[in-house]
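A.B. asks:
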Amino acid sequence: MTQWTVHGTRRIYESEWMSVDLDDVEVPQGARFEHHVVRLPHPSTAVVVVDNDNVLLMWRHRFTTDAWGWEIPAGRAEANETVETAAIRETEEETGYKVSVEPLVTINPLNGLSSHTTHIFVGTEAVKTGEPDPAEAARIEWVPLNEIPAYIRKGLVPCGITLAALTTYLTLRTTSSGPPSGPRRAG
Numbered sequence: 001m002t003q004w005t006v007h008g009t010r011r012i013y014e015s016e017w018m019s020v021d022l023d024d025v026e027v028p029q030g031a032r033f034e035h036h037v038v039r040l041p042h043p044s045t046a047v048v049v050v051d052n053d054n055v056l057l058m059w060r061h062r063f064t065t066d067a068w069g070w071e072i073p074a075g076r077a078e079a080n081e082t083v084e085t086a087a088i089r090e091t092e093e094e095t096g097y098k099v100s101v102e103p104l105v106t107i108n109p110l111n112g113l114s115s116h117t118t119h120i121f122v123g124t125e126a127v128k129t130g131e132p133d134p135a136e137a138a139r140i141e142w143v144p145l146n147e148i149p150a151y152i153r154k155g156l157v158p159c160g161i162t163l164a165a166l167t168t169y170l171t172l173r174t175t176s177s178g179p180p181s182g183p184r185r186a187g
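If you read the sequence shown in the working numbering, its first letter stands for residue 1, the second for the next number, and so on.
Following this line, the structure appears as structure tokens:
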């Protein structure tokens, strides 16, 4: 087996949003060193909102990468909130649409650096309930699903979670079995 051994953890930063630890690790060939690990206290959610053959996307700027791009609604679950409830809440806050959700896939977006988990859902039965939070996006649009591959090729979808969600959804909807009935984890 080629599993790393963790001998200990030393916290070097902590806030309500995240912590950064130095884990004392040993690789199978015997080298031992400190490895930075980002830990978030709550999982996050993301939702591929679909209606007929369209997907709801948000055009937004991310100051961390100084880039504009299309994203799906996403955010973190609050303490004592289920990921399903968080997905519904985040979608409504960010887009002004309330949805019903079904699990699509669960991912670890930075698994070499972070223990964080993102639960991705498919949102359906979208009902407009209000206006989106203007701090979340410059605009909200329903984009035809058949245009998504071109958006990706043009670099208009730089968000890794959005890329994973859209490509998983598009791949699974074209198979005979359709999207999975629940989150999948590699064994």
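All C-beta atoms, glycine included, are put in the ideal place defined by N, C-alpha and C.
For GLY187, which of helix, strand or coil comes out of DSSP?
C.D. replies: Looking up residue 187 in the sequence shown gives position 187. Residue placement at GLY187 is flagged as unreliable, the pLDDT there being 32, under the threshold of 50; a coordinate-derived value is accordingly withheld.
A.B. asks: List in chain order: all unbroken beta strand (DSSP E) runs of 3+ residues lying wholly within the region 29-98.
C.D. replies: 32-39, 44-51, 54-62, 67-71 and 74-76, all fully within the region 29-98.
A.B. asks: Nearest-angstrom Cα distance between GLY96 and ILE140?
C.D. replies: Counted from its first residue, the sequence shown places residue 96 at position 96. Counted from its first residue, the sequence shown places residue 140 at position 140. The straight-line gap from Cα to Cα measures roughly 9 Å.
A.B. asks: Pull up the distance between the alpha-carbon of GLU84 and that of GLY75, whole angstroms please.
C.D. replies: Translated into positions along the sequence shown, residue 84 becomes position 84. Translated into positions along the sequence shown, residue 75 becomes position 75. Straight-line Cα distance between these residues: approximately 12 Å.
A.B. asks: Could you tell me if the beta carbon of VAL157 falls within a distance shorter than 8 Å of some heavy atom in the ligand HEM?
C.D. replies: Absence of the ligand HEM from the depicted structure is noted, as is the absence of any ligand whatsoever, leaving it without description.
A.B. asks: Helix or strand or just coil, what does DSSP make of GLY112?
C.D. replies: The count along the sequence shown starts at 1 and reaches residue 112 at position 112. Residue state, collapsed to three classes: coil.
A.B. asks: What residues are listed by DSSP as bridge partners for LYS128?
C.D. replies: Looking up residue 128 in the sequence shown gives position 128. Per DSSP, TYR97.
A.B. asks: Where does the unbroken alpha helix (DSSP H) through GLY160 begin, and where does it stop?
C.D. replies: Here residue 160 refers to the residue found at position 160 when the sequence shown is read from its first residue. Note, GLY160: alpha helix (DSSP H), 160-173.
A.B. asks: Would you say the region 19-38 touches the region 128-143, given that touching needs at least three Cβ pairs under 8 Å?
C.D. replies: Too few Cβ pairs lie closer than 8 Å, so no.
A.B. asks: Provide the residue span of the alpha helix (DSSP H) that contains PRO134, from first to last.
C.D. replies: Taking the first residue of the sequence shown as position 1, residue 134 is located at position 134. First-last for PRO134: undefined, no H or E at that position.
A.B. asks: Around the Cβ of VAL48, are there at least 16 other Cβ atoms within 10 angstroms (buried) or fewer (exposed)?
C.D. replies: In the sequence shown, residue 48 corresponds to position 48, counting from 1. Classification for VAL48: buried.
A.B. asks: THR82: buried (16+ other C-beta within 10 angstroms of its C-beta) or exposed?
C.D. replies: Indexing the sequence shown from 1 puts residue 82 at position 82. Exposed, by the Cβ-count rule.
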